[in-house]
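K.L.:
What follows is a single structure, and I will ask about it in a moment.
Protein chains: 2
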Amino acid sequence: MIFLEDTRIGVRQALGSYTFTADAIKAFARAYDPQAFHLDEGAGERSLFGGLAASGWHTASVYMKLLVAYLETLASEAKACGEEVAASGPSPGFKNLKWPRPVLAGDTISYFYEATSMRPLASRPGWGIVFGTTTAVNQRDELVLFFENSVFLRRRSL
Amino acid sequence: MIFLEDTRIGVRQALGSYTFTADAIKAFARAYDPQAFHLDEGAGERSLFGGLAASGWHTASVYMKLLVAYLETLASEAKACGEEVAASGPSPGFKNLKWPRPVLAGDTISYFYEATSMRPLASRPGWGIVFGTTTAVNQRDELVLFFENSVFLRRRSL
Chain A
66 MIFLEDTRIG VRQALGSYTF TADAIKAFAR AYDPQAFHLD EGAGERSLFG
116 GLAASGWHTA SVYMKLLVAY LETLASEAKA CGEEVAASGP SPGFKNLKWP
166 RPVLAGDTIS YFYEATSMRP LASRPGWGIV FGTTTAVNQR DELVLFFENS
216 VFLRRRSL
Chain B
66 MIFLEDTRIG VRQALGSYTF TADAIKAFAR AYDPQAFHLD EGAGERSLFG
116 GLAASGWHTA SVYMKLLVAY LETLASEAKA CGEEVAASGP SPGFKNLKWP
166 RPVLAGDTIS YFYEATSMRP LASRPGWGIV FGTTTAVNQR DELVLFFENS
216 VFLRRRSL
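Chains as they are written, first to last, in the numbering used here: chain A, 66 to 223; chain B, 66 to 223.
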């Protein structure tokens, strides 16, 4: 939704927060990760997690949900100012995804993104690639999700 | 569900297959990745993906779904033979997750796991760590998902 040239390097941006209810944790788990500690409070308490814990893929998918909403807000603001809006390109992937601590029912998780570097793509004129770090912390500011990723963005036409 | 000592290094194991219907692609996207090319056939066809495309997080979450079912089958077989069954531990994370090609509506994706190395954990007696590679291919045997991951497993008590 933004152009390569709009990317701010080294600025941590808040993407939003999400409270993981027991119902949402169980609904995701039933569909995609039906392990007992994601489905049942008692099983969660007896597990290493110490409570009903969200699937790691659930915490990562919520990042995507918040990112999309964040990019839509940026696009709306740009449109309101009469600026051109670009669609973001596909993601080539992720590196070093870590879940250092569990997300338990009732936790409110805040997600952040920080672009760390960018460059135009010699192989694809009009496009660039941005590298960045995504983090998520719980209400005690403890890290629960970390990964490095990259995304293709269009260059602003001059 | 299996012990460190049961891990077979260098053997590619089929975890199962999953057909991504348009309905399932849109349902995941509505909840977690509401971008137009994941929600609408026309928008997908006009995108770089060339069709209604599954969210990358959807293709990764389906891996988890198939892995859990696969591990439950192993556990059932072990129980049927009167063997002890261990719960698997948490995953420390993932490395180098890549989505080299899109997954489009109607594609049937087959997932595979191959353990590449393992070692007992000096820091956690009774536990070990297994490193492995997960791949997923479509019905034309084209790679659509790749990542390296690790998992903690209990050691068999001697």
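Just so it is clear, CB atoms sit at the ideal spot from N, CA and C, and this is done for glycine as well.
#1: Where does the unbroken beta strand (DSSP E) through Gly197 of chain A begin, and where does it stop?
#2: On the DSSP bridge list, what partners appear for Thr173 of chain B?
#3: Could you check what DSSP says for Thr138 of chain A in three-state terms: helix, strand or coil?
#4: Return yes when the Cβ of Glu179 of chain A is within less than 8 Å of the Cβ of Gly75 of chain A, no when it is not.
#5: Round the Cβ separation of Leu218 of chain B and Leu69 of chain B to the nearest angstrom and send it over; I've been treating them as touching at under 8 Å.
#6: How would you list, in chain order, the residues of chain A whose beta-carbon sits under 7 Å from the beta-carbon of Gln100 of chain B?
#7: Restricting to Cα atoms, I'd like to know which of B:Tyr176, B:Ala170, B:Thr84 is closest to Gly116 of chain B.
#8: In three-state terms, what does DSSP make of Thr124 of chain B?
#9: Can you name the residues of chain A whose CB is closer than 9 Å to the CB of Trp192 of chain B?
#10: My assumption, with CB atoms under 8 Å, is that Ser156 of chain A sits in contact with Ser215 of chain A. Please give the rounded CB distance.
#11: Rounded to whole angstroms, what's the CA-CA distance from Asn203 of chain B to Thr173 of chain B? Just pull it up for me.
#12: If Glu213 of chain B sits next to Lys160 of chain B, beta carbons under 8 Å apart, how far is it from one beta carbon to the other, in whole angstroms?
#13: Could you tell me which residues DSSP pairs with Val216 of chain B in its beta bridges?
#14: Answer with yes or no whether the minimum CB distance from Phe85 of chain B to chain A is below 8 Å.
#15: Counting contacts by CB-CB distance shorter than 8 Å, is Val202 of chain B in contact with chain A?
P.N.:
Walking through what the data contain:
#1: Translated into positions along the first sequence, residue 197 of chain A becomes position 132. Taken as a continuous stretch (DSSP letters only), the beta strand (DSSP E) holding Gly197 of chain A covers 192-202.
#2: As a working note, residue 173 of chain B is residue 108 in the second sequence. According to DSSP, which records beta bridges pairwise, Thr173 of chain B is partnered with B:Thr84.
#3: As a working note, residue 138 of chain A is residue 73 in the first sequence. Of the three classes helix, strand and coil, the one that applies to Thr138 of chain A here is helix, per DSSP.
#4: Residue mapping note: residue 75 of chain A aligns to position 10 of the first sequence, counting from 1. Residue mapping note: residue 179 of chain A aligns to position 114 of the first sequence, counting from 1. It is a contact, given that the beta carbons lie within the stated cut-off.
#5: Counting from 1 along the second sequence, the entry for residue 218 of chain B is found at position 153. Counting from 1 along the second sequence, the entry for residue 69 of chain B is found at position 4. Sure, about 4 Å apart at Cβ, within 8 Å.
#6: Walking along the second sequence from the start, residue 100 of chain B turns up at place 35. The contacting residues are Val133.
#7: As a first step, residue 116 of chain B is located in the second sequence; it is residue number 51 there, counting from the start. If we check each option's Cα against that of Gly116 of chain B, B:Ala170 comes out closest.
#8: Here residue 124 of chain B is taken as the residue at index 59 of the second sequence, counted from 1. In the structure shown, Thr124 of chain B sits in a helix (DSSP, three-state: H, G or I).
#9: Along the second sequence, read from residue 1 onward, the residue named residue 192 of chain B stands at position 127. Within 9 Å Cβ-Cβ: nothing; Trp192 of chain B doesn't reach chain A, min ~11 Å.
#10: What you label residue 156 of chain A is simply residue 91 of the first sequence in a count that begins at 1. What you label residue 215 of chain A is simply residue 150 of the first sequence in a count that begins at 1. That pair is a contact at about 7 Å.
#11: Taking the second sequence and counting its residues from 1, one reaches residue 203 of chain B at position 138. Taking the second sequence and counting its residues from 1, one reaches residue 173 of chain B at position 108. Near 6 Å, if we compare the C-alpha coordinates of Thr173 of chain B and Asn203 of chain B.
#12: In the second sequence, counting from the first residue as 1, residue 213 of chain B sits at position 148. In the second sequence, counting from the first residue as 1, residue 160 of chain B sits at position 95. With a Cβ gap of about 4 Å, Glu213 of chain B and Lys160 of chain B count as contacting.
#13: For the purposes of this step, residue 216 of chain B is taken as the residue at position 151 of the second sequence. According to DSSP, which records beta bridges pairwise, Val216 of chain B is partnered with B:Val195.
#14: Taking the first residue of the second sequence as position 1, residue 85 of chain B is located at position 20. Chain A contact via Cβ: absent.
#15: Within the second sequence, residue 202 of chain B is the residue found at index 137, counting from 1. Not one chain A Cβ lies under 8 Å of Val202 of chain B.
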